[in-house]
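In this note's numbering, the protein residues as written are -18 to 135. Where a beta carbon is used, it is the ideal one built from N, C-alpha and C, also for glycine. Note that this is a predicted model, so its numbers are computed, not measured. Encoded as structure tokens, the structure appears first; notes follow it.
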């Protein structure tokens, strides 16, 4: 199910408020330092680097197979209508690093679970998932092992 977040980007003050809110939430609720923000292809790339910069953390993209340069690792994930493959560069996360995964929307949780597998393969620890929109009726959070936070529940 698709929800359009792009109208948010017509208002720079609204974008600033979203980023500031997420950064404040991370700083005030997580008891560990965040080392890496992982953003999912593609709308997680809109928020992830801005949040990482504010936190003094690295940013690591998760992309569909074949889109990243260099050596990568892969993980399969379930979509509404089948299976797909996500990749991450194999040096994106060091063992023991603390990670927050961000995307624009959680529906079934399949893509977020795929990103979580990649982080775990590299030895990282997922502290939390953050989504702009959560489609609660699809129960996507049940597919994830770390807590989630969403700004809007639909």
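With 16 other Cβ atoms within 10 Å as the buried cut-off, status of residue i
| i | result |
| --- | --- |
| residue 58 | buried |
| residue 28 | buried |
| residue 21 | buried |
| residue 52 | exposed |
Residue i - DSSP class collapsed to helix/strand/coil
| i | result |
| --- | --- |
| residue 107 | strand |
| residue 123 | helix |
| residue 91 | helix |
| residue 74 | coil |
| residue 44 | strand |
Bounding residues of the beta strand (DSSP E) (the contiguous stretch that carries residue i)
| i | result |
| --- | --- |
| residue 64 | 63 to 70 |
Beta-carbon proximity check, residue i vs residue j, cutoff 7 Å
| i | j | result |
| --- | --- | --- |
| residue 36 | residue 15 | yes |
| residue 90 | residue 67 | no |
| residue 135 | residue 116 | yes |
| residue 85 | residue -14 | yes |
Segment limits, alpha helix (DSSP H) that includes residue i
| i | result |
| --- | --- |
| residue 18 | That residue, residue 18, is in no alpha helix (DSSP H); its beta strand (DSSP E) goes 17 to 21. |
Inset, instruction - Could you tell me whether the segment 106 to 121 touches the segment 76 to 92, where touching means 3 or more Cβ pairs closer than 8 Å? - result: Counting C-beta pairs closer than 8 Å gives three or more between the segment 106 to 121 and the segment 76 to 92, which meets the contact rule.
Legend entry - the segment 37 to 56 in contact with the segment 94 to 101 per 3-pair CB rule at 8 Å: The answer is yes - the segment 94 to 101 touches the segment 37 to 56, with three or more Cβ pairs under 8 Å.
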